[in-house]
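To start, the structure under review is shown below, and the notes come after it.
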Amino acid sequence: MSQVLPEGISSDAFFACADAIVLAAKDLAALGWTPATSSNFSMRLDDAHAAITISGRDKGKLSRADIMLIDLSGNAVGTDARPSAETALHTQVYRYWPEMQVVLHTHSRTQSVASRLFATQGVIRLEGWELQKAITGFHTHESVLEIPVFPNTQHMPELVAQVDAWLDAGKPLHAYLIDGHGIYTWGRTMAETRRHLEALEFLLACELDLRRLSA
Ligand SMILES: [Zn+2]
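Every letter in the sequence shown is one number past the one before it in this note's numbering, and letter 117, counting from 1, is 117.
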């Protein structure tokens, strides 16, 4: 399946994004965070386009041919490949924050278990952890980092609306969990986004351990 690029997007720019996604996906798959072809990754190309993983591919074995171009409404551009089923959650981030360049979504066991455990509260409140400082804008462990947990649905507009409602309430948002599903986080570079994802995975694992040990 070939990708035709529109005027204004060079093959160098597209392949740079594709290669960065492939590399991140390989690392995250090796950690076991993308089981059974789940998870999806994207990177902004310009103010109207992003590169995203094609639906259903093994994230540990991606190549450039598994990455496609979309517009920020989630439509395929220059290919008849099908983007990830959750593309609307990626494009929502790019439309809301012009500075965000990367969205990573994984389904690790820790993320999945934490999402179930905290689903009834609808939020995980992280406080007192040094590693909160890995999230851009956090400078002390004394701050509170709230990660909402949204109910899962296969109907993407509902999920998009839940994220919008959180943002419309004026609450900071750096990541969110979907109940029984996984996590979304984003950043201004691939390195920043991977740091967010790694820190959140670690913090969620710590919260789960605390509950296990204090039961
Ligand atoms: Zn997912």
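Using N, Cα and C, we set each Cβ at its ideal position, and we do this for glycine too.
Ligand 1 has a heavy atom closer than 8 angstroms to the beta-carbon of ASN40. Using a Cβ distance threshold of 9 angstroms, ILE54 and PRO83 count as a contacting pair. Under the three-state reduction of DSSP, HIS90 is assigned to helix. Checking the 8 angstroms criterion, the Cβ of ILE54 is out of range of every heavy atom belonging to ligand 1. Contact between THR87 and GLN3 is ruled out by a C-beta separation of about 16 angstroms, above the 8 angstroms threshold. Using a cutoff of 8 angstroms, the CB of GLU86 counts as near ligand 1, since one of the ligand's heavy atoms is closer than that.
At least one heavy atom of ligand 1 is found less than 8 angstroms from the C-beta of HIS107. Under a 10 Å Cβ-count criterion, SER112 is classified as buried, with 16 or more other Cβ atoms of the shown protein chains found around its own Cβ. The beta carbon of HIS181 sits closer than 8 angstroms to at least one heavy atom of ligand 1.
In this chain, the beta strand (DSSP E) harbouring HIS49 covers 49-53.
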